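Undergrad: First, the structure itself, so that you have it in front of you.
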Amino acid sequence: MFRRECKQAAVLVLCLPLLTGCWDRREVNDVAFVSGTGIDKVKEGYRTTVLYPLAGQLGGVGSSGGGGGTSGSRSWHLDSVTGTSLKETNNIQQQAMSRQLYFAHRRVLVIGEGAARSGLAPILDIVARVPQNRMTGYILVTKGDARDFMDVDVEVEKIPTEMIRELALNYMRTPRTVKETVHALLSEGMDPALPYCVVDRTKPGRSGQQKPMMKLEGLAVFREDKLAGLLKGEEAQGVLWAMNEAKRPTIVLPAPGGTGMQAVQFAVAQTRIRPVVSGGKITMRIDIRARGSIAENQSNYISGKDYTHAKLEETLNRKIKSMVEKSLKALQTEYGSDPVGFGDILYRSEPKVWRGIRDQWREKYKEVEMAVSVHTQVQHTGTIVKPIGRKERMMNHE
Numbered sequence: 001m002f003r004r005e006c007k008q009a010a011v012l013v014l015c016l017p018l019l020t021g022c023w024d025r026r027e028v029n030d031v032a033f034v035s036g037t038g039i040d041k042v043k044e045g046y047r048t049t050v051l052y053p054l055a056g057q058l059g060g061v062g063s064s065g066g067g068g069g070t071s072g073s074r075s076w077h078l079d080s081v082t083g084t085s086l087k088e089t090n091n092i093q094q095q096a097m098s099r100q101l102y103f104a105h106r107r108v109l110v111i112g113e114g115a116a117r118s119g120l121a122p123i124l125d126i127v128a129r130v131p132q133n134r135m136t137g138y139i140l141v142t143k144g145d146a147r148d149f150m151d152v153d154v155e156v157e158k159i160p161t162e163m164i165r166e167l168a169l170n171y172m173r174t175p176r177t178v179k180e181t182v183h184a185l186l187s188e189g190m191d192p193a194l195p196y197c198v199v200d201r202t203k204p205g206r207s208g209q210q211k212p213m214m215k216l217e218g219l220a221v222f223r224e225d226k227l228a229g230l231l232k233g234e235e236a237q238g239v240l241w242a243m244n245e246a247k248r249p250t251i252v253l254p255a256p257g258g259t260g261m262q263a264v265q266f267a268v269a270q271t272r273i274r275p276v277v278s279g280g281k282i283t284m285r286i287d288i289r290a291r292g293s294i295a296e297n298q299s300n301y302i303s304g305k306d307y308t309h310a311k312l313e314e315t316l317n318r319k320i321k322s323m324v325e326k327s328l329k330a331l332q333t334e335y336g337s338d339p340v341g342f343g344d345i346l347y348r349s350e351p352k353v354w355r356g357i358r359d360q361w362r363e364k365y366k367e368v369e370m371a372v373s374v375h376t377q378v379q380h381t382g383t384i385v386k387p388i389g390r391k392e393r394m395m396n397h398e
């Protein structure tokens with residue numbers, strides 16, 4: 001009897017360390033939830049900018065729907081400090097705050113252009129090393145300083161980081177996260193590519209005053225961890241098509257007959273890449289297939305009576321093919337960057353070939369032949385067939 005009671009008491013004593021309750025609890029009022037971080041390269045080392053919402057200003061009487069800054073009715077606070085290392089900047093920020101900085105809910109990481117040219121590796125090292133950091137946060141590159149980009153007032157969202165997050169979501173089919181960027185850096189035969197943002201000017205309403213606004217400008221491509229080039233317009237779109245990352249892309253082109261312009265938006269766009277090695281020559285066969293519909297018709301061109309779009313599809317095929325070829329040529333010769341991951345594709349398909357050229361891949365990459373084939377299908381013209389305002393005698397039929 002006594003022995004059984006001793007065993008029960010021993011079990012209770014052993015359970016005590018596991019039943020201590022919330023020993024590491026943090027009250028909400030003692031925590032500042034960082035929603036975004038900006039990194040800039042400066043003379044002293046790095047400048048780190050953190051943005052966190054002010055809970056008391058996010059709702060209720062007297063709070064504003066958007067806006068930014070650090071005081072009054074603004075709903076978020078921006079803090080920026082410099083230091084010799086990123087960890088030092090975090091420590092300096094924490095020493096000047098009454099609340100504990102908490103990074104587990106960080107949504108975006110904004111890299112200034114100077115920091116991107118200096119290298120992503122030191123920045124991603126601290127992000128990936130600390131367990132609290134969120135690897136699913138989106139990462140972008142901005143023109144100029146990240147601090148200035150994050151300090152822009154936004155009208156639609158309550159805090160700028162939500163605006164930045166939505167921009168990243170809408171630009172690519174698979175928005176670039178910290179985890180995917182680290183994977184690209186650690187993979188052989190692949191370089192990172194990140195959305196590139198700028199601060200533009202706009203005149204909202206009837207105020208007549210220009211206001212800054214956030215805008216996605218294109219794509220930042222890297223060679224290893226350093227920024228190699230900034231792609232805009234069709235050059236950026238061509239790379240996204242090759243990467244299979246074009247999200248509902250729109251092609252504007254002259255009508256295949258008559259005069260005027262047409263716009264076709266694609267709901268489905270798929271890219272498949274297959275390497276072919278013959279006699280020491282490497283060819284990447286890039287097959288692009290897309291389905292879409294006419295989104296706008298400012299021309300006097302109309303499809304045939306059977307409503308097929310053969311001529312328009314042929315024109316689209318040539319347009320996309322030329323766009324992708326020019327973009328890939330720029331990556332090979334001008335930037336020396338491989339964001340599509342051709343080296344990784346070759347490694348997975350032809351591991352023996354890859355092992356033989358791994359150390360010379362940068363030079364071999366310039367000589368790789370890109371064989372692009374495009375097959376588009378225009379499924380319908382929307383809710384109308386003929387262009388509005390055009391007489392039948394003015395039409396140019398296919």
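Using the UniProt record's numbering, read the sequence shown as starting at 1 and increasing by one per residue. Note that beta-carbon positions come from the ideal geometry of N, C-alpha and C, so glycine has one too. Keep in mind the model is a prediction, meaning the values are calculated, not measured.
(1) Once DSSP output is grouped into helix, strand and coil, what is the label at Val61?
(2) DSSP beta-bridge partners for Ile111?
(3) For the region 208-223 against the region 286-306, are there 3 or more C-beta pairs whose distance is under 8 angstroms?
(4) Taking the alpha carbon of Leu169 as the point to measure from, which residue in Gly189, Leu140 and Val130 has its own alpha carbon closest?
(5) Tell me where the beta strand (DSSP E) around Leu120 begins and ends.
(6) To the nearest angstrom, how far is the alpha carbon of Arg358 from that of Val42?
(7) Check Glu296 in the structure and name its three-state DSSP category.
(8) Do Ser327 and the ligand GDP come close, with the Cβ less than 6 angstroms from some heavy atom?
(9) With respect to the alpha helix (DSSP H) encompassing Thr315, which residues constitute its N-terminal and C-terminal limits?
(10) Sort out for me which residues DSSP pairs Phe103 with in a bridge.
(11) For Glu162, count neighbouring C-beta atoms within 10 Å of its own C-beta (all shown protein chains included) and say buried if the count is 16 or more, exposed if not.
(12) Indicate whether Val178 and Met243 have their beta-carbon atoms separated by less than 7 angstroms.
(13) Please state the DSSP three-state secondary structure of Val34.
(14) Under the three-state reduction of DSSP, which class applies to Pro195: helix, strand or coil?
(15) Quick one: what does DSSP say Arg165 is sitting in, helix, strand or coil?
(16) With distance defined between alpha-carbon atoms, name the residue in Lys364, Gly38, Glu334 and Arg272 nearest to Ala246.
(17) Under three-state DSSP, which class holds Arg176?
(18) For Arg285, write down the residues that DSSP places opposite it in a beta bridge.
(19) Please report the distance separating the alpha-carbon of Gly356 from that of Asn133.
(20) Verify whether the separation of the beta carbon atoms of Trp76 and Ile164 is less than 7 angstroms.
(21) Kindly indicate which residue of Met150, Gln94, Met97 and Leu78 has the alpha-carbon position closest to the one of Ile111.
TA: In short, the structure shows the following:
(1) Residue placement at Val61 cannot be trusted, given a pLDDT of 44 that sits under 50; the coordinates are not used to answer.
(2) Answer is Ile39 and Val141.
(3) no
(4) Leu140
(5) Counting along the chain, Leu120 falls outside any beta strand (DSSP E), and DSSP gives it neither H nor E.
(6) 35 angstroms
(7) strand
(8) Absence of the ligand GDP from the depicted structure is noted, as is the absence of any ligand whatsoever, leaving it without description.
(9) Per DSSP, Thr315 belongs to the alpha helix (DSSP H) from Ala310 to Ala330.
(10) Partner(s): none; Phe103 has no beta bridge.
(11) buried
(12) no
(13) coil
(14) strand
(15) helix
(16) Arg272
(17) Taken through DSSP and simplified to helix, strand or coil, Arg176 comes out as coil.
(18) Note: Arg285 sits in a beta bridge opposite Arg274 and Ala371.
(19) 38 angstroms
(20) no
(21) Met150
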